[in-house]
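Student: Submitted below is the structure of interest, expressed as structure tokens.
Residue numbers (the numbering used here), protein chains in the order written: chain L, 1 to 252; chain X, 253 to 518.
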């Protein structure tokens with residue numbers, strides 16, 4: 001298991017070659033026969049180009065992105081408040097942390113119909129379901145961040161006469177930054193999952209409406225293009241969050 | 253779904269001491285009891301309409317009827333059949349693919365990032381494709397569940413095999429171990445804990461993905477039954493089935509964790 005770097009090309013080159021090879025395989029399989037369910041890569045790209053100029057699809061993508069952004073921001077705000085209030089003191093931690101973990105462990109997909117009953121099948125239920133996915137990881141990593149602060153810092157600050165507000169601003173907050181970014185990364189993927197689940201379940205206006213329409217009318221090229229766009233969106237969000245997290249946790 | 257939960261909460265819960273854990277069990281029960289009482293009071297006094305939130309006693313009665321009359325058995329059978337097919341597929345393909353990728357250092361460096369960035373995609377978005385290609389029956393749920401479970405199992409297998417200390421390998425080779433011996437005596441025992449962690453997460457995700465698939469588009473199964481009652485506005489039945497599915501998922505998670513812990517200990 002040794003790395004023979006002298007003879008092998010750079011990993012990135014091979015990686016791109018592998019991906020291109022898979023796309024070529026996809027193209028060949030797609031052309032091998034006319035199928036109702038499968039479409040060659042080139043056709044998917046062409047109709048991808050086409051559907052993104054349709055105003056309806058554009059509006060749907062925009063709606064979903066807006067819902068996702070709102071769900072993400074609300075997850076961060078609620079998660080931060082929840083996390084800070086649980087981590088505030090030993091008592092609140094011991095009382096509410098088990099409850100938080102209990103709630104976090106509930107498989108939320110089972111209660112999705114409840115969200116639609118309560119919030120309707122418009123954007124509200126999607127935002128709510130996204131938030132209910134996104135806020136727990138934020139809260140848990142904020143709590144882990146507060147717990148991870150070295151006690152000696154707090155003791156020495158207190159012995160030098162720092163007020164609670166000063167301790168919070170000068171020690172707790174800067175120490176929270178890395179775990180907050182970890183929470184942000186987890187929340188972005190969780191909120192995306194929640195929003196897309198709700199989209200696919202009750203689709204009025206968003207992307208889910210079009211995935212259903214394209215699959216029911218057997219237009220695989222359009223369906224693949226739309227799903228490909230969502231997949232690229234997910235990878236971009238995740239990658240940029242990972243970079244942000246890496247950058248902001250350097251100082252520690 | 254609760255996949256991320258397992259990853260993040262582990263560090264925090266481990267920090268709780270044993271006394272703290274017993275205390276936390278007590279508080280859990282106390283808070284749970286308080287919530288039930290609150291729920292009961294709010295619904296009995298009809299501050300919250302029963303169309304919105306059914307009474308806990310009514311839910312409990314129906315839940316008991318589900319258990320005692322076995323009327324959930326057809327749906328339970330469908331869901332477990334799907335899981336019994338999809339789970340092994342996910343484990344087998346995940347472990348084999350992971351092992352093949354980790355065979356050389358170079359293939360690990362090249363392919364691992366590809367798989368982990370695919371893992372960042374919420375796999376639920378591929379579900380419409382499996383419904384279009386395989387129909388609304390169990391086949392689409394099996395494909396979807398297997399795909400969902402594949403990624404964590406594959407990634408953990410890669411991590412497990414490539415994390416084996418090189419010293420062990422060198423030692424085994426210098427004492428003349430064959431390839432088969434190397435695999436059986438060193439690679440598999442060293443990688444097993446990590447792989448089992450992936451298997452637990454993957455099987456859990458697989459089960460929840462099947463429930464999710466049934467919720468989104470299906471004619472049978474536990475996930476579908478919840479939706480069916482929701483669409484009929486039969487809140488009591490819907491809540492009873494939700495409790496039922498959540499309990500099954502919790503029990504399954506507990507069993508899988510137990511398996512993982514036992515293997516790690518022995």
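Don't be surprised by glycine CBs; every beta carbon is placed ideally from N, CA and C.
With 9 Å as the C-beta to C-beta threshold (strictly closer), list the residues of the region 110–125 of chain L near chain X in chain order.
Tutor: Here the close residues are 110, 111, 112, 113, 114, 116, 117 and 118.
Student: Could you list which residues in chain L have their beta carbon closer than 8 Å to that of residue 337 (chain X), in chain order?
Tutor: Within 8 Å Cβ-Cβ: nothing; residue 337 (chain X) doesn't reach chain L, min ~20 Å.
Student: Start and end of the alpha helix (DSSP H) containing residue 216 (chain L)?
Tutor: Taken as a continuous stretch (DSSP letters only), the alpha helix (DSSP H) holding residue 216 (chain L) covers 207–216.
Student: So, residue 409 (chain X) versus residue 373 (chain X), is the Cβ gap smaller than 7 Å?
Tutor: Their beta carbons are not under 7 Å apart, which means residue 409 (chain X) does not touch residue 373 (chain X) by this criterion.
Student: Given this structure, state the Cα-to-Cα distance separating residue 488 (chain X) from residue 289 (chain X), to the nearest angstrom.
Tutor: Answer to the nearest angstrom: the Cα atoms are 17 Å apart.
Student: I'd like to know whether the C-beta atoms of residue 559 (chain X) and residue 113 (chain L) end up nearer to each other than 7 Å.
Tutor: Chain X is shown only over 253 to 518; residue 559 (chain X) falls outside these bounds and no answer can be derived.
Student: Residues in the same chain with beta-carbon distance under 7 Å from residue 80 (chain L), minus the five sequence neighbours each way, listed in chain order, please.
Tutor: 138 and 142.
Student: What is the rounded straight-line gap between the Cα of residue 59 (chain L) and the Cα of residue 206 (chain L)?
Tutor: The straight-line gap from Cα to Cα measures roughly 8 Å.
Student: Exposed or buried, what is residue 414 (chain X) when buried is set at 16 or more other beta-carbons lying within 10 Å of its beta-carbon?
Tutor: When all chains shown are included, residue 414 (chain X) counts as buried.
Student: Taking only the alpha-carbon atoms, compute the straight-line gap between residue 183 (chain L) and residue 399 (chain X) and give it to the nearest angstrom.
Tutor: Whole-angstrom Cα-Cα distance: 26 Å.
Student: Would the beta-carbon of residue 21 (chain L) fall within 7 Å of that of residue 75 (chain L)?
Tutor: Their beta carbons are not under 7 Å apart, which means residue 21 (chain L) does not touch residue 75 (chain L) by this criterion.
Student: Whose Cβ in chain L lies nearer than 9 Å to the Cβ of residue 446 (chain X)?
Tutor: Going along chain L, no residue has its Cβ under 9 Å from residue 446 (chain X), so there is no contact; the nearest lies around 17 Å.
Student: Taking any Cβ of chain X, which residues in the region 193–206 of chain L have a Cβ under 7 Å from it, in chain order?
Tutor: Within the region 193–206 of chain L, the residues whose Cβ lies closer than 7 Å to some Cβ of chain X are 193, 196, 197, 200 and 201, listed in chain order.
Student: Mapping DSSP to helix, strand and coil, what is residue 191 (chain L)?
Tutor: Helix, per DSSP.
Student: Quick check on this structure: which residue in L:25, L:153, L:16 and L:197 has the alpha carbon closest to the alpha carbon of residue 127 (chain L)?
Tutor: Ranking L:25, L:153, L:16 and L:197 by Cα distance to residue 127 (chain L) puts L:197 first.
Student: Give the straight-line distance between the Cα atoms of residue 125 (chain L) and residue 57 (chain L), rounded to the nearest whole angstrom.
Tutor: C-alpha separation (whole angstroms): 20 Å.
Student: Using a Cβ-Cβ cut-off of less than 7 Å, list which residues of the region 277–298 of chain X approach chain L; keep chain order.
Tutor: Correct list: 279, 280 and 283.
Student: Closest to residue 385 (chain X) by C-alpha separation, out of L:65, L:85, L:209 and L:217, would be which residue?
Tutor: If we check each option's Cα against that of residue 385 (chain X), L:217 comes out closest.
Student: Using a Cβ cut-off of 8 Å, which residues of the region 299–321 of chain X contact any Cβ in chain L, in chain order?
Tutor: Answer in chain order: 304.
Student: Any idea what DSSP makes of residue 150 (chain L), helix, strand or coil?
Tutor: In this structure, residue 150 (chain L) counts as coil in the three-state DSSP scheme.
Student: Under the three-state reduction of DSSP, which class applies to residue 20 (chain L): helix, strand or coil?
Tutor: In this structure, residue 20 (chain L) counts as helix in the three-state DSSP scheme.
Student: Give me the Cβ distance between residue 330 (chain X) and residue 472 (chain X), rounded to the nearest whole Å; I'm assuming they're in contact under 8 Å.
Tutor: That pair is a contact at about 5 Å.
Student: Is there a Cβ from chain L that is less than 7 Å from the Cβ of residue 484 (chain X)?
Tutor: No - not a single Cβ of chain L is within 7 Å of the one on residue 484 (chain X).
Student: Between residue 190 (chain L) and the rest of its own chain, which residues show a CB-CB distance below 6 Å, the 5 nearest in sequence each way excluded?
Tutor: So the list reads 133, 134 and 137, once near-sequence residues are dropped.
Student: Please name the residue in L:87, L:122, L:70 and L:161 whose C-alpha comes closest to that of residue 147 (chain L).
Tutor: Among L:87, L:122, L:70 and L:161, the Cα nearest to that of residue 147 (chain L) belongs to L:87.
Student: Excluding sequence positions up to five away, which residues of its chain have a Cβ less than 7 Å from the Cβ of residue 42 (chain L)?
Tutor: The answer, listed in chain order, is 27.
Student: Mind pulling the chain X residues with CB within less than 8 Å of residue 218 (chain L)?
Tutor: Correct list: 384.
Student: Measuring only the C-alpha atoms, how far is residue 71 (chain L) from residue 338 (chain X)?
Tutor: Residue 71 (chain L) and residue 338 (chain X): Cα-Cα distance of roughly 32 Å.
Student: Using a beta-carbon distance cut-off of less than 9 Å, what residues from the region 462–474 of chain X approach chain L?
Tutor: From the region 462–474 of chain X, only 463, 464, 467, 468, 469 and 474 have a Cβ closer than 9 Å to chain L.
Student: Suppose contacts are defined by Cβ-Cβ distances below 7 Å. Is residue 35 (chain L) in contact with residue 221 (chain L) by that definition?
Tutor: It is not a contact, given that the beta carbons lie outside the stated cut-off.
Student: Applying the criterion that 16 or more other CB atoms from any shown protein chain within 10 Å of the CB defines a buried residue, is residue 433 (chain X) buried or exposed?
Tutor: Under this definition residue 433 (chain X) is an exposed residue.
Student: Tell me which residue opens and which closes the alpha helix (DSSP H) that residue 160 (chain L) is part of.
Tutor: First-last for residue 160 (chain L): undefined, no H or E at that position.
Student: Taking 7 Å as the threshold (beta carbon to beta carbon), is residue 326 (chain X) in contact with chain L?
Tutor: Chain L, which has no Cβ nearer than 7 Å to the Cβ of residue 326 (chain X), makes this no.
Student: To which residues of the same chain is residue 230 (chain X) closer than 6 Å at the C-beta, ignoring the five residues directly before and after it?
Tutor: Within the shown structure, residues of chain X are numbered from 253 to 518, placing residue 230 (chain X) beyond reach of any answer.
Student: So residue 228 (chain L) and residue 44 (chain L) are supposed to be a Cβ contact under 8 Å. How far apart are they, rounded?
Tutor: Residue 228 (chain L) to residue 44 (chain L), Cβ: 7 Å. Contact.
Student: Quick one: give me the first and last residue of the alpha helix (DSSP H) that residue 80 (chain L) is part of.
Tutor: That run of the alpha helix (DSSP H) goes 55–87.
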